[in-house]
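Okay, so here's the structure we're looking at.
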Amino acid sequence: MNMTQARVLVAAVVGLVVVLLYASIHKIEEGHLAVYYRGGALLTSPSGPGYHIMLPFITTFRSVQTTLQTDEVKNVPCGTSGGVMIYIDRIEVVNMLAPYAVFDIVRNYTADYDKTLIFNKIHHELNQFCSAHTLQEVYIELFDQIDENLKQALQKDLNLMAPGLTIQAVRVTKPKIPEAIRRNFELMEAEKTKLLIAAQKQKVVEKEAETERKKAVIEAEKIAQVAKIRFQQKVMEKETEKRISEIEDAAFLAREKAKADAEYYAAHKYATSNKLAKEYGSVYTLYFESWPTMVFHEYKAVKEAFINQDVKFLGRGHIPMIDDAQKRYGWRSLEENELYINLTGDLEILM
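Residue numbers (UniProt numbering): 1 to 351.
Here it is, written out as structure tokens:
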């Protein structure tokens with residue numbers, strides 16, 4: 001074997017080794033597990049993320065995602081209870097496979113388990129839903145419930161058939177309906193929108209009317225409160241006037257009582273003085289009988305003295321009758337007494 005042949009052989013061996021290594025070394029991404037098939041049989045030990053080596057051409061592998069993934073089901077036909085065929089353009093199913101359930105699910109439903117467990121189930125559940133409802137219900141009234149109904153139906157079956165596979169969410173696009181029906185629905189929605197606008201305007205008008213009514217009520221209450229305050233003020237003024245009148249009446253009554261008491265006291269004193277005047281008149285009469293020629297002149301002088309309030313004239317003994325009365329009855333001098341004479345000529349002496 002010459003050198004050329006040896007080199008060719010070495011190159012062939014090296015090439016074969018490189019090919020074998022390339023075929024045996026494989027990489028698993030993060031969030032995935034690798035399941036292996038050897039001679040068509042599923043091996044029981046999946047591999048995690050990283051580089052791994054397997055027997056080339058004998059062992060094959062499939063990468064199975066164990067994080068959240070979204071499966072899309074497109075153009076799903078659906079017939080309503082009224083016989084109208086509609087198409088749902090796209091259905092998105094967000095699901096996640098637990099790592100511990102990878103081997104069992106792949107063994108039972110292959111690595112393409114989503115086609116068996118999700119896609120087929122979506123078709124079945126949608127047809128069941130559409131056949132039980134009218135176009136009006138599917139397209140408008142119950143459309144918002146389709147997502148939740150599909151999710152619950154899928155999860156219920158998966159809990160029995162494939163534990164470890166969880167449905168996180170289901171999103172359904174608006175169904176495609178025949179053009180003529182779609183226009184009718186659009187017109188109906190337009191009329192419904194107008195009705196809603198009219199209803200909202202009515203609510204606004206009612207709200208404004210309610211606001212005006214409340215304003216009127218508040219204004220009326222304010223006026224009533226002001227009137228009440230003014231009425232109370234007038235009542236207080238009247239009560240004050242009544243109190244003042246009562247005080248004035250009490251003062252007037254007190255003055256009248258004092259005046260009556262004074263008049264009573266004056267009358268009492270007057271009666272007392274008249275009693276004394278009678279005694280004095282008796283003494284005066286004695287002198288008049290003794291000196292008849294002198295009485296007139298002396299009486300006149302006394303009367304004039306009383307009228308002129310000449311007390312000194314009376315007290316100096318110009319009237320012998322008074323001097324004799326002083327000595328006889330023990331009177332004090334006339335200068336120490338208050339002497340009065342009334343218009344009738346009667347004498348009054350207050351002791």
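We put the beta carbon where it would ideally sit given N, CA and C, even for glycine.
None of the values given here were measured: they were computed from a predicted structure.
Nearest residue (CA-CA) to residue i, options the options
{"i": "Lys74", "options": "Ala251, Asp144, Ile88", "result": "Ile88"}
{"i": "residue 352", "options": "Met96, Tyr51, Glu179, Thr59", "result": "Missing from the structure shown is residue 352; the chain here goes from 1 to 351 and no further."}
{"i": "residue 354", "options": "Tyr22, Thr44, Thr67, Thr59", "result": "Residue 354 lies beyond the range of the chain shown here (1 to 351); nothing can be said about it."}
{"i": "Ala98", "options": "Glu239, Thr59, Ile244, Pro46", "result": "Pro46"}
{"i": "Phe129", "options": "Arg7, Glu212, Gln145, Leu117", "result": "Gln145"}
{"i": "Glu141", "options": "Phe185, Lys156, Leu154", "result": "Phe185"}
{"i": "Asn149", "options": "Ile167, Leu160, Gln136, Met161", "result": "Ile167"}
{"i": "Tyr172", "options": "Val93, Ala34, Thr44, Val205", "result": "Before going on, a small fix: residue 172 reads as Val here, not Tyr. With distances taken between Cα atoms, Val172 lies closest to Val93."}
{"i": "Asp112", "options": "Gln65, Glu237, Glu179, Gln233", "result": "Gln65"}
Burial state of residue i, where buried means 16 or more other Cβ atoms lie within 10 Å
{"i": "Val10", "result": "exposed"}
{"i": "Asp114", "result": "buried"}
{"i": "Tyr139", "result": "buried"}
{"i": "Ala267", "result": "exposed"}
{"i": "Leu117", "result": "buried"}
{"i": "Ala227", "result": "exposed"}
{"i": "Glu125", "result": "buried"}
{"i": "Leu165", "result": "buried"}
{"i": "Val8", "result": "exposed"}
{"i": "Glu298", "result": "Any reading at Glu298 needs caution, since the residue's pLDDT is 49, under 50, leaving its predicted position unreliable; the model's value is listed next. By the neighbour-count rule (16 or more Cβ atoms within 10 Å), Glu298 is buried."}
{"i": "Ala250", "result": "exposed"}
{"i": "Ala34", "result": "buried"}
{"i": "Glu289", "result": "Confidence at Glu289 is low in this model, with a pLDDT of 48, below 50, so its placement is unreliable and the value that follows should be read with caution. Classification for Glu289: exposed."}
{"i": "Leu20", "result": "exposed"}
Host beta strand (DSSP E) of residue i (start-end)
{"i": "Ala98", "result": "Run containing Ala98: none; DSSP gives neither H nor E here."}
{"i": "Lys74", "result": "69-79"}
{"i": "Tyr51", "result": "50-53"}
{"i": "Leu126", "result": "Leu126 -> not in any beta strand (DSSP E); alpha helix (DSSP H) instead, spanning 120-131."}
{"i": "Val172", "result": "165-172"}
{"i": "Leu33", "result": "32-38"}
{"i": "Ser63", "result": "59-65"}
Start-to-end residues for the alpha helix (DSSP H) that takes in residue i
{"i": "Val10", "result": "3-24"}
{"i": "Leu142", "result": "No alpha helix (DSSP H) contains Leu142, which DSSP labels as neither H nor E."}
{"i": "Phe103", "result": "102-109"}
Under 9 angstroms between C-beta atoms of residue i and residue j
{"i": "Ile177", "j": "Val84", "result": "yes"}
{"i": "Ser63", "j": "Thr134", "result": "no"}
{"i": "Ile86", "j": "Pro175", "result": "yes"}
{"i": "Gly79", "j": "Asn127", "result": "yes"}
{"i": "Ile25", "j": "Gly48", "result": "no"}
{"i": "Ile36", "j": "Phe61", "result": "A small fix is needed here, since residue 36 is Tyr in this sequence, not Ile. For Tyr36 and Phe61, yes; Cβs fall inside 9 angstroms."}
{"i": "Val154", "j": "Ile122", "result": "According to the sequence provided, residue 154 is Leu. The question's Val does not apply to it. A contact, by the Cβ cut-off of 9 angstroms."}
{"i": "Arg90", "j": "Thr59", "result": "no"}
{"i": "Ala169", "j": "Lys151", "result": "yes"}
{"i": "Leu42", "j": "Phe103", "result": "yes"}
Item to complete: Count the C-beta pairs between the region 191-205 and the region 104-116 that are closer than 8 angstroms, then say yes if the count reaches three, no if not.
Response: no
Worksheet item: Can at least three beta-carbon pairs, one atom from the region 47-61 and one from the region 11-24, be found at a separation below 8 angstroms?
Response: yes
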